[in-house]
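Peer 1: Protein sequence lines, in the order shown, are assigned to chains W and U.
Going from the first sequence to the working numbering is simple: count from 1 and add 1249.
Going from the second sequence to the working numbering is simple: count from 1 and add 225.
For glycine and all other residues, C-beta sits at the position ideal for the given N, C-alpha and C.
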Amino acid sequence: MAVFDEELGNLKGKILNLGSMVEVAVRDSVCSLVERNSDLAKEVIEKDHLINALEVGIDEECVRLIALRQPMARDLRFITTAMKITTDLERMGDLAVNISERAVEINEEPHLKPYVNIPKMAEIVQGMLRDALDAFVQECSILPYTVIKRDDEVDDLTVRNFNELLTLMIQNPKIVPVAVKRTYVAKYLERIADHATNIAEMVIYMCKGKIIRHISPVEEP
Amino acid sequence: MVENKNIFEIKDFNIYYGHFMAVKSVTLNIEAHKITAIIGPSGCGKSTLLRSLNRMNDLIINSWVEGQALFHGVDIYHKDTDVIELRRRVGMVFQKPNPFPSSVYENVTYGPRIRGIKKKSQLDETVEKALVRADLWKEVKDKLNESGMSLSGGQMQRLCIARSLAQEPEVLLFDEPTSALDPISTTNIENLLQELQKTVTIVIVTHNMQQAARVSDFTAFMYLGEMIEFGETDTLFVNPQNKLTEEYITGRFG
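1. Residues in the stretch 1295-1326 of chain W with C-beta within 9 Å of chain U's C-beta atoms, listed in sequence order?
2. Assess, as a yes-or-no matter, whether the stretch 383-392 of chain U is touched by the stretch 314-321 of chain U under the definition of 3 or more beta carbon pairs within less than 8 Å.
3. Are the CB atoms of Arg1440(W) and Lys1303(W) within a distance shorter than 8 Å?
4. Taking Pro465(U) as the query, report the chain W residues whose CB atoms sit under 8 Å from its CB, ordered along the chain.
5. Given that Gly1258(W) touches chain U, what residues does it touch there, using C-beta distances under 8 Å?
6. Compare the Cα-Cα distances from Thr475(U) to each of Asp283(U), Phe446(U), Asn370(U) and report the closest residue.
7. Using the beta-carbon of each residue, which ones in chain U are nearer than 9 Å to Gly1262(W)?
8. Got a sec: is the Cβ-Cβ distance from Gly1458(W) to anything in chain U below 8 Å?
9. Rounded to whole angstroms, what is the Cα-Cα separation between Lys1398(W) and Met1455(W)?
10. Based on the DSSP output, what are the partners of Gln293(U) in its beta bridges?
11. With distances taken Cα to Cα, identify the nearest neighbour of Ala262(U) among Val430(U), Arg477(U), Asn467(U).
12. Taking buried to mean at least 16 other C-beta atoms within 10 Å of its own C-beta, is Val1434(W) buried or exposed?
13. Taking Cβ to Cβ, would you say Ala1445(W) is nearer than 8 Å to Val1408(W)?
14. With 8 Å set as the bound, which would you pick, yes or no: does the beta-carbon of Phe325(U) sit closer than that to a beta-carbon of chain W?
15. Answer with yes or no whether the minimum CB distance from Thr475(U) to chain W is below 8 Å.
16. Where Gly1458(W) and Gly1342(W) are concerned, what is the direct C-alpha to C-alpha distance, given to the nearest angstrom?
17. Quick test of your reading: Leu1265(W) and Leu1382(W), contact by CB under 8 Å. State the CB separation rounded to the nearest angstrom.
18. Find the nearest neighbour of Gly379(U) within the set Glu393(U), Arg358(U), Thr412(U), Gly341(U), judged by alpha-carbon distance.
19. Label Thr444(U) either buried or exposed according to how many other C-beta atoms from any shown protein chain fall within 10 Å of its C-beta, with 16 as the threshold for buried.
20. Considering only C-alpha positions, which residue in the set Asp349(U), Glu364(U), Ser250(U) is nearest to Pro337(U)?
21. Say whether chain W places a C-beta atom closer than 8 Å to the C-beta of Glu471(U).
22. Spatial neighbours of Pro326(U) within its chain, please: CB distance less than 8 Å, with the 5 preceding and 5 following residues excluded, ordered by chain position.
23. Can you check whether the C-beta of Met434(U) is within less than 8 Å of a C-beta belonging to chain B?
24. Using a beta-carbon distance below 8 Å, is Phe233(U) in contact with chain W?
25. In angstroms, rounded to a whole number, what distance separates the CA positions of Arg1318(W) and Glu1358(W)?
26. May I ask you to list the residues that DSSP assigns as paired with Tyr242(U)?
27. Report the rounded CA-to-CA distance for Ala1442(W) versus Val1403(W), giving the unit in angstroms.
28. Just checking my contact of Leu1267(W) with Ile1307(W) at CB under 8 Å: how many whole Å lie between their CB atoms?
29. Hey, out of Leu1314(W), Asn1347(W), Leu1325(W), Gly1262(W), whose CA is closest to Glu1292(W)'s CA?
30. Thinking C-beta only, is Leu449(U) closer than 8 Å to Cys269(U)?
31. From what residue to what residue does the alpha helix (DSSP H) around Phe1253(W) run?
32. Please give the ranges of any beta strand (DSSP E) in the stretch 394-432 of chain U, keeping only runs that are unbroken, at least 3 residues long and fully inside the region.
33. Using a Cβ-Cβ distance under 8 Å, would Phe399(U) count as near chain W?
34. Based on Cα-Cα distance, which residue from Thr351(U), Gly341(U), Ala294(U), Arg340(U) lies nearest to Val333(U)?
35. Let me make sure I understand the geometry here. Which of Cys1389(W), Thr1416(W), Lys1369(W) has the alpha-carbon closest to that of Asp1400(W)?
36. Please state whether the Cβ-Cβ distance between Lys454(U) and Asn467(U) is less than 8 Å.
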């Protein structure tokens, strides 16, 4: 069924396209904060509708393929995975918008202290997203486990970031409005990592037909 | 004593046509009151295997079997098997609706009459019961004396099912029962299968994988006479274990 294979290839291409748009949005949103570049933040906010439109398009394509091709086995798992990870990617885009909104607000205020935890978190989160998408493309069931593992590092950094800012806030209550916003940004990044973890878990399902969600700790292959 | 839930137990079973081995070392249990579908490409031996369950293959010259095929623990191919009784208990419905060229009533009463039932009231009751079970009663109750051949394709197929049911079988074998029917008649038959499952065990051979997925509890995939994979239908269609099964059900065969 060559036409169907082509359609599946196109679907995969669209998801990759969505994935790279989200990667850019996450990268730029953090950049706009760390480099205090509010123009870049506004660009991320403005471009979000493109991500939303692509998400809707992918959903429609998945429904069309299910209706017309009645996929089975691996194909069925591929399409259901595509539908689910598209939702995760779109939510990541929304969170990048949230980071950008906070960046615009924070950039208006005097600089509090150099960013340490947030760039670290951003680096890990972007790696997780990249690897989750690579695993999806390569239909690899090993790589997702490394994504899932890194989620804990992000969680730890979220807590550390909060504690550090909390100390500063206690010392100087005047900074509370800005500091709270910085804790929000860390929380958004932590949520993005959760979505990357969801994608990784779905890729394992797609490859192996095994649902590993809500099983803790995740056993490796 | 725990009742054996397997109505058929087939083990290392071979079927030959002359020197040609059509079914190779098949092992398969058919569970009572479940629908078991057999799928596979043309010539894979699925119909041959189905027909062996009530010894329809006996009618094919040169066909012979090896290995074990038990019905309720008794060898189907034992020399003392009463084949007529076996076929009463294990009925069959074919691809093309094949009512007898006689009235609806006579089609349904043919079997019971041969068994010696003569009383009109008893025959009437059998006809109504069988037609109700085949979900045909409402459509034909006013034309019982009309020819069975005058019905639509879907109705004829349900008449054939009613004719089998009048024999009060324990098992019904279906060989591509809807491949000559339109989608609505197909849906009717599929719904009927799931209703009949409460009272009879069903084995269905189908080319239509979606049909197997829709109606069956268990699915067997055969290829070149071998049983490649057998399992719960949910598992087989979502996460097949064998690469050949995967290729076949995703349409990437060969």
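Peer 2: Taking the geometry as given:
1. Per Cβ criterion, the list reads Arg1318, Gln1319, Pro1320, Met1321, Ala1322, Arg1323, Asp1324, Leu1325, Arg1326.
2. Yes, the stretch 314-321 of chain U touches the stretch 383-392 of chain U.
3. Here residue 1303(W) turns out to be Leu, not Lys, going by the sequence shown. Taking C-beta atoms as the reference points, Leu1303(W) and Arg1440(W) fail to come closer than 8 Å.
4. Per Cβ cutoff of 8 Å: Ala1322.
5. What Gly1258(W) touches in chain U: nothing, since even the nearest Cβ is about 14 Å away.
6. The residue from Asp283(U), Phe446(U), Asn370(U) with its alpha-carbon nearest to that of Thr475(U) is Phe446(U).
7. Close partners of Gly1262(W) in chain U (Cβ separation under 9 Å) are lacking, with about 20 Å as the shortest Cβ gap.
8. Contact of Gly1458(W) with chain U is assigned, a C-beta pair being separated by under 8 Å.
9. Looking at the two C-alpha atoms, the distance is approximately 19 Å.
10. DSSP output for Gln293(U) lists Lys236(U) as bridge partner(s).
11. Comparing C-alpha distances from Ala262(U) to each of Val430(U), Arg477(U), Asn467(U) shows the shortest one belongs to Val430(U).
12. When all chains shown are included, Val1434(W) counts as buried.
13. In this structure, Ala1445(W) keeps its C-beta atom at 8 Å or more from the C-beta atom of Val1408(W).
14. No, no contact with chain W.
15. For Thr475(U), the nearest CB of chain W lies under 8 Å from its own CB, placing it at the interface with that chain.
16. Across the structure, Gly1458(W) and Gly1342(W) are spaced so that their CA atoms are roughly 28 Å apart.
17. About 7 Å; that satisfies the 8 Å criterion.
18. Of Glu393(U), Arg358(U), Thr412(U), Gly341(U), the residue nearest in Cα terms is Thr412(U).
19. Buried.
20. Here the closest residue by C-alpha is Asp349(U).
21. Taking Cβ atoms only, chain W reaches closer than 8 Å to Glu471(U), which makes this a yes.
22. Counting only Cβ-Cβ distances below 8 Å, and skipping sequence neighbours, we find Ser372, Gly373, Met374.
23. Among the chains of the structure shown, chain B does not appear; the protein chains present are W and U.
24. Not closer than 8 Å to any Cβ of chain W, the Cβ of Phe233(U) fails to qualify, so no.
25. Cα to Cα, the separation comes out at about 55 Å.
26. Tyr242(U) pairs with Phe245(U), Ser288(U).
27. Computed Cα separation, rounded: 7 Å.
28. So it is a contact: roughly 7 Å between Cβ atoms.
29. With distances taken between Cα atoms, Glu1292(W) lies closest to Asn1347(W).
30. Yes.
31. Here the alpha helix (DSSP H) through Phe1253(W) covers 1251-1283.
32. If we require 3 residues or more, the beta strand (DSSP E) runs fully inside the stretch 394-432 of chain U come out as 396-400, 426-430.
33. Put simply, the CB of Phe399(U) is far from chain W, with every gap to its CB atoms at 8 Å or more.
34. Among Thr351(U), Gly341(U), Ala294(U), Arg340(U), the Cα nearest to that of Val333(U) belongs to Thr351(U).
35. Comparing alpha carbon positions, the residue from Cys1389(W), Thr1416(W), Lys1369(W) closest to Asp1400(W) is Lys1369(W).
36. One point to set straight first is that residue 454(U) is Glu, not Lys, in the sequence displayed. Yes, these two residues count as a Cβ contact at 8 Å.
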